[in-house]
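Start counting the sequence shown at 10; every next residue gets the next number (my numbering). Beta carbons are placed, not taken as given, at the ideal position from N, Cα and C, and that holds for glycine. Heads up: the structure comes next, in structure tokens.
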Amino acid sequence: MYAHILGSTVVKNKQYLFLALTGLCFLCLSLRCNSHDVSALPTLTVVTELSPPNQTYSNGVVGGTSTRLVQELLQLTGLKASYQIYPWARAFKVASEQANTLIYSIARTSLRERHFHWIGPVAKFELGFVTNTYRNDVIVNSLEDAKKYRLAIQRGDIAVERLKEYGFDYVLTSDITQSYQLLVTNKVDLVLDDPRYVKSMADTLNLPKGHFRFLLSVPNLSLHGYLAANIHTPDEVIKKLRIAFEGIKRTQAYQEVLTGYH
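What follows is the structure, encoded as structure tokens:
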């Protein structure tokens, strides 16, 4: 019994030491990130799309779980930033063309690699087909089954390329909310989303939590969504962002967002 108590105490002490050291490292990173004068550095523009629960928009304010990670990261750097929410295609265009612009959550691909500085993942997606729960006529047990139905997907989404390879026909929308609205009105039969986020979308649309049901995962559509910066953003800004990211990714909040349990 005493051995058990002693062992438990040692474990708790180790846990406390780990948390203390983690906090110290986090503080050191914070001090390091803010140790230089940032007044001469540019104010950043941060662009994203509407994608609950990672990116939300309410009363003129951009929020959501991934947004909070980005905000905490920028707070560590001491850099100033303004946030804008656009349809994905426009957000991507702005981030591609304008220096000092950050974008999230963007998939990292070989075609995009040289156009951005990649800071780190701030979201994770495991995509598959979703329909209305009452649509018993929609039966999808394979990709071939899914091709029989009308699908909505966001313009510029990385999944468009993969679905095109698979031979899908689809309707393009400006953002995922519009895709779901087409689903709700039965103008399409399927949308593409992560099963962990389906209830959040129902909440966003003021629908019962069980209004949608997930049908089938799509192979090779498990990916991370990154925070990235326009390639012409100053090196000093990129360095500060990457140092701050090393601190953020050790936090519990970061782990929860990346596993989807938020």
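Please list, in chain order, all residues of the same chain as Asp166 whose beta carbon is under 7 Å from its beta carbon, the five residues on each side excluded.
Trp97
Per DSSP, cross-strand counterpart(s) of Trp127
DSSP output for Trp127 lists Ala237 as bridge partner(s).
Considering only their Cβ atoms, is the gap separating Val139 from Val207 smaller than 8 Å?
yes
What does the alpha-carbon distance come out to for the pair Ala155 and Ile148?
8 Å
If you drop the 5 nearest sequence neighbours on each side, which residues of the same chain put their C-beta closer than 6 Å to that of Tyr235?
Taking Tyr235 as the centre and dropping the five residues before and after it, the same chain places the C-beta of Ile115, Arg117, Trp127 and Pro130 closer than 6 Å to its C-beta, in chain order.
Cβ of Thr186 within 8 Å of Cβ of Tyr113?
No, the Cβ-Cβ distance between Thr186 and Tyr113 is not below 8 Å.
For Ser188, report the span of its alpha helix (DSSP H) as first-last.
Ile185 to Val193
Give the straight-line distance between the Cα atoms of Leu199 and Ser48, rounded to the nearest whole angstrom.
48 Å
By alpha-carbon positions, which one of Phe101, Tyr175, Gly87 and Leu224 ends up nearest to Ala237?
For Ala237, the closest of Phe101, Tyr175, Gly87 and Leu224 by C-alpha to C-alpha distance is Phe101.
List, from N- to C-terminal side, the beta strand (DSSP E) runs of 3 residues or more that fit wholly inside the region 88-134.
Entirely contained in the region 88-134, the beta strand (DSSP E) runs reaching 3 residues are, in chain order, 90-94 and 110-115.
Assign Ser151 to one of three DSSP states: helix, strand, or coil.
Ser151 carries a coil assignment under DSSP once its states are collapsed to helix, strand and coil.
Taking the beta strand (DSSP E) that Thr54 falls in, what are its first and last residues?
Leu53 to Thr57
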